[in-house]
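First the structure, in the form of structure tokens, and then the observations on it.
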Amino acid sequence: MAAILEVTNLHKHFGGIHVTRHVNFSMHEGEQSAIIGPNGAGKSTFMNLLTGYHRCDAGKVVFEGRDITNRSPHEIARRGISRAFQVSSIFVKMSVAENVRSAVHAQMRRSFSILGAASRIGVEETGRVLALCGLESKRDLIAGELAQGDKKRLELAIALAGKPRLLFLDEPTAGMSIEEARSTMELVDRLNRELGLTVLFTEHDMGIVFNHARRLTLMHRGEIVVQGTPEEVRANEIAQKVYLGEHHV
Amino acid sequence: MSAPEVQPGWLARHGLARPVAMAMLVLFLLVPLLPGEYWTQVSTEVLILGLFAMSFNLLYGYMGQISFGHAAFFGVGAYASAMLFVRLKTAGGSIGMLDFFLSLLAGPPVAAFAALVVGFFCVRLTGIYFAMLSLAFGELLFYIVFSWYSFTKGDDGIQGLLPPLFFQDAVNYYYLTLAIVTLAFLVLWRITESPFGYIMRTLRDNQRRAAFLGINVRLHMLINFVIAGSFAGLAGALWGPFSRSVNPGLLGWQESGVAVFMTLIGGAGSLIGPLLGSVIYTLLQAVVKMYTVYWPLTIGTIILLIVLFLPGGVLGLIEKRLKARRSAGDGET
Amino acid sequence: MDIGPYVLQLFSGLSRAMVLFLLSAGLSLIFGVMNILNFAHATLWLLSGYITFSIFQFLGEQFGASPLLLLPSIAWATALMALIGFALERFLIRQTYERELPEQLLLTFALVLIVGDLIKLIWGVENRRINLGVEPMEMLDTLVNPYHFVIVGTGVAVAAGLWFFLHRTRFGKIVRAAVYSRSMVSALGIRIPMIYGLVFAAGVGLAGFAGGVFLPLLPMALGVDHDVIVQCFAVVVIGGFGSMLGTFVASLIVGVVYAFSILFWPDGALAMIFLIVIVVLIWRPWGLFGTELRY
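Chains as they are written, first to last, in this note's numbering: chain C, 217 to 465; chain E, 17 to 349; chain A, 767 to 1061.
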């Protein structure tokens, strides 16, 4: 299978602190995997580097055969990479449907449409994404007034509206009830299985990680320590020392 | 930053946008029936400044940035149009109908160009820095107009902008203004209800997130800045023949403050809010000035009270009432 | 070459710089500590000028006119302004800490109109000025008002005092810490509301002091505050929000550039200032000496 994402020797430091160091990483099309690691391991920075939020000091990021290193976030998003944030990052004063609709418009390249009627463009797609994420009944609520779990679901919906081929999820179930977390991860599995969407997520809950990721990457102090199947990582000595040793799950 | 005070777009959500706009249009159409020219003149001012405030609100209410230099584009539009006006004027001091409209048309593009240059830099910043940079550009343009006597007549301003005979009649000029502002309002409405308009709202709420949707944030902000500038320029163009003169004060930060006032009084959450703010502000000014010279004291006190007790402006207050009534009707809290 | 005009402009520029500094220091502190941009700062400065004038006149009537009466007049006016500042923070500004930026601006903007008009209501439209009757000194080919030295000396002394206060006293250190992290300071068990009140009082007091000190040099006139406040914004932006050193240097830049620009482009001197502001904001939005903080 072809690699959809190829990261070589990625390097980033803030001041004198190396936050990612010589990171080599790749993903195959249709893969669903997770990055784990203790707080401050560099997981979020890694995602920020891949999506253009931070500039890389060295290294190369190739997505679908094209170099996207240090492209701006909007260019990278247009290439087909979406992300959902740990702290829900939604458009708080807009309604749920408007949140998704604008993301759909952006995906349709209609964001410059100055005289078109927003309410008549991308209606079906908006409805589809809302249904997919179980937000239909809340479509007219103001996003900022949603419950925490619904905010995270809207977060995911906005990311999906971009019709990504690669999806980054930063702690997709943080702040959710067990039931909400389960249904959210089931949705992610389904997207991966049925649409072949490539998914990379970070997660604190090891139960979720081992149930939903087919491959794990363990980061520690900005470096990749171990990569492999959940079983391999679980069995790895260094991994136990670095991570499981600190967090008995 | 704290929680929003106004839920934008609520007029539309209540299905009230159209009725309110229609009601206002009808009222505006009836104004000349009032005895005397005074109220017609005041209403002309309401409309022109209302258009100016609505253009400001494209930046504030929709894009989430506060500009303290927006009057620069109002003033540049007014000057561009006035200077063409003076060139086209015949030796006898009168201007032909066609030339008059031509001079009005000069306002928006020149203001748009100024907004393009200023906006190019401003959209790189947000929050207080955006406000300060727009203020600095506005003051720079103000002092250029103020000091470049050979080109702009400096402090003297440009006088004698007497429109064609037909429009010297206050009622006729009022209807001309009403027609143009109504048209501008419809265009602005289309813009704010377009995909682009909603992208502006996403930028107001969360610029970073919008970028990750594939939105080129600065480019979209710049386009909006230019649109806002050109509508301010249109308002400025209408101002000259109305007051028969233009002066550098039109570009100053105090004039920008007027747009901010009107928007906050009326409510920044909707397109019509600033226009309503202009109705309140300008009418109040007209009434207060009949009784006292202390207009700033009066309006200052009113603004103080609004900020302290009426966040969200007048429309915000009405919304709260509506909400309360609705929830009482539903038997919910 | 005749250096007379340049010397004159240098002194006028330095004096202007000191007044701008006294105002901007308070403005910058208030912004740094509580994130409030006080549009009314220069209007309060103007108010203090009028108040100082009235006290000076009153004392003159009581004890016989003497230039020395300026000292108690300034002291009383400064104290009164600090009190007014404290009250403004307590009863008005405090209501808006949890609000959005535009509403805070609007509140202080409303104060500009209210206080400006109150001045007009109380003192009328006539300009006010104190004539100390000091003879100009002859130096470097020109006549210089020696009062310039008083202003420059006072300004430098206040700057030094402010620096000492912020860096060497406990309260000053708390104030500086509050600029960086309010939650940190409040976690240390320090009462934030009190800090806010005192900082606002100190800022307005400084402005009040400047209003009195400047009175013998330039007349107080209605509407001057509108020009001065945007110049103070220019200073704060150039120097960097919250930075005292930046504010001092930027005051000198603005004051001196303004004074010399007048020689070459009398009506456009302020345009030069805003050009500098624009360049700084584009190049380093956080100012020459500021750090990238908030927003």
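Note that beta-carbon positions come from the ideal geometry of N, C-alpha and C, so glycine has one too.
For C:Asn225, three-class secondary structure by DSSP: strand
So, is A:Ser778 buried or exposed, given that buried needs 16 or more other C-beta atoms within 10 angstroms? Buried.
What residues of chain A sit near E:Pro290, judged by a beta carbon separation below 9 angstroms? In chain order: nothing, as chain A lies at least about 13 angstroms away.
For E:Ser294 and E:Val62, believed in contact at Cβ under 8 angstroms, the rounded distance: Right, their Cβ atoms sit about 5 angstroms apart.
Leaving out five residues on either side along the sequence, give the residues of the same chain with a beta carbon under 7 angstroms from the beta carbon of E:Arg234. Val139, Arg140
Please name the residue, chosen from E:Leu75, E:Gly77, E:Phe89, E:Phe162, that lies closest to A:Pro1032 on a Cα-to-Cα basis. E:Phe162
With 16 other CB atoms within 10 Å as the buried threshold, where does E:Val22 fall? No answer about E:Val22 holds up, because its pLDDT of 46 lies below 50 and its placement is not dependable.
Amino acids of chain E, ordered along the chain, whose beta-carbon sits closer than 9 angstroms to that of A:Pro959: Result: empty, since nearest Cβ-Cβ is about 17 angstroms, beyond 9 angstroms.
Say whether chain C places a C-beta atom closer than 7 angstroms to the C-beta of E:Ser210. yes
Rounded C-alpha distance that separates C:Ala334 from C:Gly360: In this model, C:Ala334 and C:Gly360 are separated by some 21 angstroms (Cα to Cα).
Contact set between the segment 330-360 of chain C and chain F, restricted to residues whose Cβ is under 9 angstroms from the partner: Chain labels in this structure do not include chain F; the protein chains are C, E and A.
Would a check of beta-carbon distances place C:His270 closer than 7 angstroms to chain E? C:His270 does not count as touching chain E.
For E:Arg337, which of helix, strand or coil comes out of DSSP? helix
Got a sec: which bits of the segment 70-81 of chain E sit with their beta carbon under 8 angstroms from any beta carbon on chain A, in order along the chain? Tyr76
So that I know if they touch, is there some Cβ in chain E lying closer than 7 angstroms to that of A:Val996? yes
Output, in chain order, the set of chain E residues within a Cβ distance shorter than 9 angstroms of A:Gly1034. Tyr159, Ile160, Phe162, Ser163, Trp164
Check whether the segment 1012-1022 of chain A touches the segment 118-136 of chain E, counting contact only when three or more Cβ pairs, one atom from each stretch, lie closer than 8 angstroms. no
Which term fits E:Phe72, buried or exposed, when burial requires 16 or more other beta carbons within 10 angstroms of its beta carbon? buried
Would DSSP call C:Gly275 helix, strand or coil? strand
Inter-residue spacing [alpha-carbon to alpha-carbon] between E:Ala227 and A:Leu884: 48 angstroms
So, E:Ile319 versus A:Leu872, is the Cβ gap smaller than 7 angstroms? yes
Tell me where the alpha helix (DSSP H) around C:Ile440 begins and ends. Premise fails: C:Ile440 lies in the beta strand (DSSP E), 439-444, not in any alpha helix (DSSP H).
Can you tell me the Cα-Cα spacing of C:Gly275 and C:Asp283, whole angstroms? 11 angstroms
Secondary structure at C:Glu396, three-state DSSP: helix, strand or coil? helix
Of the residues that make up the segment 193-217 of chain E, which ones have a beta carbon closer than 7 angstroms to any beta carbon in chain C? Arg206, Ile207, Glu209, Ser210, Pro211, Phe212, Gly213, Tyr214, Ile215, Arg217
At least one CB of chain A closer than 7 angstroms to the CB of E:Pro4: is that the case? Residue 4 of chain E falls outside the range modelled here, since chain E spans only 17 to 349, and no answer is possible.
How would you label A:Ile769, buried or exposed, when you count the other beta carbons within 10 angstroms and need 16 or more for buried? Sixteen is the threshold: since fewer than 16 other Cβ atoms of the shown chains lie within 10 Å of the Cβ of A:Ile769, the residue is exposed.
Taking 7 angstroms as the threshold (C-beta atoms), are A:Phe819 and A:Leu835 in contact? Not closer than 7 angstroms, so no.
Measure the C-alpha to C-alpha separation of A:Trp1052 and A:Gly1006 and round it to an integer number of angstroms. 5 angstroms
Give every residue of the same chain whose Cβ lies closer than 8 angstroms to the Cβ of C:Ala363, excluding the five residues on either side of it in the sequence, and list them in chain order. Counting only Cβ-Cβ distances below 8 angstroms, and skipping sequence neighbours, we find nothing.
Any beta-carbon of chain E closer than 7 angstroms to the one on A:Gly770? no
For E:Gln81, which of helix, strand or coil comes out of DSSP? coil
Where do the ends of the alpha helix (DSSP H) carrying A:Val945 lie? 936-946
For chain A, find out if any of its Cβ atoms is closer than 7 angstroms to the Cβ of E:Gly316; answer yes or no. yes
In terms of residue numbering, what span does the beta strand (DSSP E) encompassing A:Ile995 cover? Where A:Ile995 is concerned, there is no enclosing beta strand (DSSP E), although the alpha helix (DSSP H) around it starts and stops at 990-1005.
Which residues mark the beginning and the end of the alpha helix (DSSP H) in which A:Phe1055 is found? Neither: A:Phe1055 is in no alpha helix (DSSP H) and is coded neither H nor E.
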